[in-house]
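Residue numbers (the numbering used here): 4 to 496. Built from N, CA and C at the ideal position, the CB exists for glycine as well. Take a look at the structure set out below.
Put into structure tokens, the structure is as follows:
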């Protein structure tokens with residue numbers, strides 16, 4: 004393996020790992036704010052207990068997510084200095100705004116929420132979490148705008164003397180057509196993930212508490228069952244609706260992708276020959292590793308044409324024709340273009356299967372949420388032994404869908420790091436040796452492994468403890484009590 008391969012592995016490992024925390028943080032901020040708002044409107048003790056409980060889980064996830072996210076910044080200067088130099092003028096503004104406005108907005112109001120339980124009026128306290136959620140949306144917008152520019156560069160000019168892309172139209176970058184479909188898709192996937200997480204946690208606790216309280220009567224036992232049931236129903240409803248939104252926005256994203264990155268759509272299907280109309284979509288294929296020859300395939304007629312063009316008779320360009328077109332446009336001789344061209348074809352098995360795993364896990368989590376809603380309808384108590392397993396499987400499926408979607412998005416763009424402008428082998432730092440790259444990869448991977456143990460341990464310990472017992476509020480507006488039950492929340496890190 005050379006430096007480029009090692010640097011790609013390191014970036015892939017750290018980025019996918021970091022992205023496990025991102026959708027959960029975005030979605031949980033909205034759900035925690037929703038739960039606290041419900042508490043203020045209904046004064047139902049269950050919502051206050053759930054707010055503090057999932058607030059603790061949010062804080063753990065947020066803290067570890069911030070640590071892993073910082074590494075991404077170091078990587079650009081460490082392993083990808085030529086890339087940083089090329090895109091610095093374009094990315095400088097959106098990422099600076101993200102750091103100075105969005106992230107500070109999140110951290111400031113999250114601090115107010117953590118330490119303001121017995122100091123702020125209830126509505127203002129709940130408003131802090133809504134502002135935190137707004138900050139996560141701002142952060143997502145600016146970061147996704149930068150990533151969308153890598154997929155579809157707009158609003159720039161290339162300076163041949165400096166070898167840099169220079170920003171000429173900030174609005175074009177912010178409202179890139181790829182950005183306009185990517186942002187809602189990612190945010191809805193975050194809502195799906197966090198809601199599935201709520202179902203998984205509450206479903207497991209519901210089954211556990213049902214066994215623990217089996218045979219017990221009285222208000223305490225009923226309140227415990229009712230609280231977990233509320234969380235299950237809320238999480239399942241949000242997950243199902245968000246799942247439908249993910250499907251719709253994913254369909255829109257596929258059509259834009261076919262327009263601006265036709266090679267990615269062709270690679271997603273392993274389609275080598277152009278289909279003038281009615282291109283089929285293969286649900287499952289067995290064939291050669293590169294996907295050129297198939298031995299068995301389960302296909303849906305004309306579906307790929309619809310996914311790519313919106314018409315069942317739409318034309319979908321194949322890999323061979325696109326590769327030739329790219330060779331004509333970008334050249335093959337390193338001396339004739341600034342950036343050396345390559346095969347222009349991503350790794351077909353990765354794009355093919357990551358695309359299907361993304362769809363499969365996303366649909367499974369949404370369908371599972373619908374099943375949970377059905378099993379708990381009209382006050383029914385789910386008694387099936389597999390119900391806890393179903394609930395726990397939902398967040399795992401949602402996280403897997405997010406990860407495979409991210410892998411497909413980035414790997415489908417290969418060999419470009421900035422589509423049409425810069426290939427990956429020209430983005431790596433020229434001064435980094437193979438030994439240094441290996442040390443960096445092994446060190447960060449080991450560190451992330453330790454953080455994974457810490458994260459999972461904290462999450463599981465908090466889940467096992469369950470929501471803290473309810474204490475009658477005595478705060479300044481009756482929204483919270485000034486007692487020791489808030490102390491663990493403040494130090495949940």
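- Within the region 262-292, the complete alpha helix (DSSP H) runs of at least 4 residues fall at 265-272.
- Contact annotation: the region 172-184 touches the region 249-268, with at least three C-beta pairs closer than 8 Å.
- Residue burial is scored here from C-beta neighbours: residue 238 has at least 16 other C-beta atoms within 10 angstroms and is therefore classed as buried.
- In the DSSP assignment, the residues bridged to residue 162 are 167.
- In the three-state reduction of the DSSP assignment, residue 455 falls in the helix class, which pools H, G and I.
- By the neighbour-count definition (other C-beta atoms within 10 Å, threshold 16), residue 4 is an exposed residue.
- Residue 152: member of the alpha helix (DSSP H) spanning 125-154, first to last residue.
- Using a C-beta cut-off of 8 Å, the region 190-210 makes contact with the region 382-394, since at least three inter-stretch Cβ pairs fall below that distance.
- Counting only residues of its own chain and dropping the five nearest sequence neighbours on each side, residue 155 has a CB closer than 8 Å to the CB of 179, 180, 181, 263, 264, 422.
- Straight-line spacing of the CA atoms in residue 432 and residue 92 works out to 18 Å.
- Partner residues in the beta bridge of residue 300, as assigned by DSSP, are 288.
- Per DSSP, residue 419 lies in no alpha helix (DSSP H); the unbroken beta strand (DSSP E) holding it starts and ends at 419-421.
- Beta-bridge analysis with DSSP links residue 425 to 421.
- The residue among 33, 96, 379 with its C-alpha nearest the C-alpha of residue 170 is 96.
- Assignment of alpha helix (DSSP H) within the region 360-438, counting only whole runs of 4 or more residues, yields 390-414 in chain order.
- Annotation: residue 136 to residue 194 spans about 11 Å, alpha carbon to alpha carbon.
- DSSP places residue 348 outside both helix and strand once states are collapsed to three, so it counts as coil.
- In terms of CA proximity to residue 125, 43 leads the group 53, 157, 43.
- In this structure, the CA atom of residue 365 is about 31 Å from the CA atom of residue 227.
- Boundaries of the alpha helix (DSSP H) around residue 327: 322-333.
- Residue 327 counts as exposed, since fewer than 16 other beta carbons sit within 10 angstroms of its beta carbon.
- Between residue 29 and residue 458, the CB-CB gap reaches or exceeds 8 Å.
- Apart from sequence neighbours up to five positions away, the residues of its chain that approach residue 88 with a beta-carbon distance below 7 Å are 167, ordered along the chain.
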